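Enquirer: One structure, as structure tokens, below. Some questions next.
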Amino acid sequence: RGELLTLEAMSTVEISNILQEAAHFASGKEWRPNKELFIANLFFEPSTRTRYSFEVAEKTLGLHVLSFSEESSSVQKGESLLDTVKTFEAIGANALVIRHPENDYYEHIRQQVQIPIINAGDGNGHHPTQSLLDLLTIQQEFSSFSGLNVIIAGDLRHSRVARSNADVLTRLGAKVKIAGPKEWMAGYDEAYQYVNLDDELPKADVIMLLRIQHERHDGKMEWSKESYHQQFGLTIERENRMKSNAIILHPAPVNRGVELANELVECGRSRIFKQMKNGVAVRKAVVRRALDQY
Ligand code: CP
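Residues in the sequence shown are numbered from 11 upward in steps of one, following full-length UniProt numbering.
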């Protein structure tokens, strides 16, 4: 019914179809619904890129956008997530975009409402539209995923994009390896080869750096910013040893000088701002898919 909760639940054919439509939107495709439609953006966690790229996508598609703010809503009076989404359904929202700190929050609500839910990030669970925009960015560069060497590096344990990306890239034929502090690899080290960046980076086509999620570390960090950068980050010296056509991805926000050197954020092989631009095209495709039933 047009919902998008995780990519794990989706076939590679369906993922490829969404990427194809996103590529058309990126090339200027236009689409408008046949009638007046409303979409509600419910963000229970901070966001800049996801929230506002959904809003740009929705407004460009001619939708009415209901922009929910938890601080000024009846959540402050104790209203639950379920009653909040049922309220939006009752007043006429045709689809919901939700970011929430609880993993799998959608499992409690998806059977209780008839309108599609688009997951804009759940705890450290999933972030399917981020994965799709990462895939679109890789596809634009290399055309195919088959045989690509991809390293996912950094705070995998707390990341909501690492799991989806590792799984979907593998299903699409890429060779995924992981790097970073060993204790942040829990849940990945059996399925994916753990590598040292100094050994593997020169062979990689894509390095996907992940933000250190300080907000999920309970304030405890074993490394100073500088020592993390030197041990596990993309330093200028490491970048110099990358293949000439290899690219750098990062979902952002970036901790400049930590996951990667400040100078590399906008270097020739960085696609970090391209990822954000692609986020609008991907979200147009995902929103259009959700509204297909109308
Ligand atoms: N990449 C990403 O999800 O960024 P925001 O948290 O700013 O939405």
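For glycine and all other residues, C-beta sits at the position ideal for the given N, C-alpha and C.
None of the values given here were measured: they were computed from a predicted structure.
#1: At the level of alpha carbons, what is the spacing between tyrosine 238 and phenylalanine 155?
#2: Among all the DSSP beta bridges, which residues are the ones paired with lysine 192?
#3: Can at least three beta-carbon pairs, one atom from the segment 34-41 and one from the segment 244-262, be found at a separation below 8 Å?
#4: Does residue 305 come out as helix, strand or coil in the three-state DSSP assignment?
#5: Is serine 57 near the ligand CP, judged by its Cβ being under 6 Å from some heavy atom?
#6: Which residue wins for smallest C-alpha separation from glutamate 193, given the options Val297, Leu166, Leu219?
#7: For glutamate 31 and leucine 301, what's the separation of their Cα atoms in angstroms?
#8: Can you tell me whether threonine 60 sits near the ligand CP, meaning its C-beta is under 6 Å from at least one heavy atom of the ligand?
#9: Could you tell me if isoleucine 246 is buried or exposed, where buried requires 16 or more neighbouring beta carbons within 10 angstroms of its beta carbon?
#10: Cutting at 7 Å between CB atoms, please list the residues of its own chain near residue 6, excluding the five before and the five after it.
#11: Among Tyr304, Gln303, Val292, whose alpha-carbon lies nearest the alpha-carbon of threonine 70?
#12: Kindly examine the ligand CP and report whether one of its heavy atoms sits closer than 6 Å to the Cβ of alanine 291.
#13: Determine the contact status of glutamate 63 and glycine 289, defining contact as a CB-CB distance below 7 Å.
#14: Would you say proline 261 touches the ligand CP, meaning its beta carbon is less than 6 Å from a heavy atom?
#15: Between valine 66 and the rest of its own chain, which residues show a CB-CB distance below 7 Å, the 5 nearest in sequence each way excluded?
#16: Would you grab the beta carbon distance between valine 186 and valine 160 for me? Rounded to a whole angstrom, and I think it's under 8 Å.
#17: Distance, Cα to Cα, glutamate 68 vs asparagine 104?
#18: Apart from the five residues just before and just after glycine 131, which ones in its own chain have a Cβ nearer than 8 Å to its Cβ?
#19: Counting only runs of 4+ residues fully inside the segment 42-114, write out the alpha helix (DSSP H) ranges in chain order.
#20: On a CA-only basis, which of Tyr198, Glu99, Leu91 is nearest aspartate 177? Give me that one, please.
#21: Please state if the CB of leucine 15 and the CB of asparagine 134 are separated by a distance shorter than 7 Å.
#22: Could you tell me the boundaries of the beta strand (DSSP E) in which leucine 219 lies?
#23: Secondary structure at tyrosine 204, three-state DSSP: helix, strand or coil?
#24: Which first and last residues belong to the alpha helix (DSSP H) in which glycine 131 is found?
#25: By Cβ distance below 6 Å, which residues in the same chain neighbour serine 77 in space, the five residues on each side in sequence not counted?
#26: If we call anything under 7 Å between Cβ atoms a contact, is alanine 189 one with valine 205?
#27: Buried or exposed for threonine 94, going by 16 or more other Cβ atoms inside 10 Å?
Expert: Reading from the atomic positions:
#1: A straight line joining the alpha-carbon of tyrosine 238 with that of phenylalanine 155 spans about 30 Å.
#2: Beta-bridge pairing links lysine 192 to no other residue.
#3: no
#4: What the structure shows of the chain is the stretch from 11 to 304, and residue 305 is not part of that stretch, so it cannot be assessed.
#5: With a cutoff of 6 Å, serine 57 counts as near the ligand CP, since its C-beta is closer than that to a heavy atom of the ligand.
#6: Answer by Cα proximity: Leu166.
#7: 14 Å
#8: yes
#9: exposed
#10: In the structure displayed, the chain extends from 11 to 304; residue 6 sits before or after that span and is not available.
#11: Val292
#12: no
#13: According to the sequence as given, residue 63 is serine; it is not glutamate. For the pair serine 63 and glycine 289, the CB atoms are nearer than the 7 Å cut-off.
#14: yes
#15: Val290
#16: 5 Å
#17: 12 Å
#18: Glu55, Ser57, Thr60, Arg109, His110, His137, Gln140, Arg170
#19: 59-70, 91-100
#20: Tyr198
#21: In this structure, leucine 15 does not lie closer than 7 Å to asparagine 134 by Cβ.
#22: 216-219
#23: strand
#24: Premise fails: glycine 131 lies in the beta strand (DSSP E), 127-132, not in any alpha helix (DSSP H).
#25: Asn51
#26: Contact flag set, yes.
#27: buried
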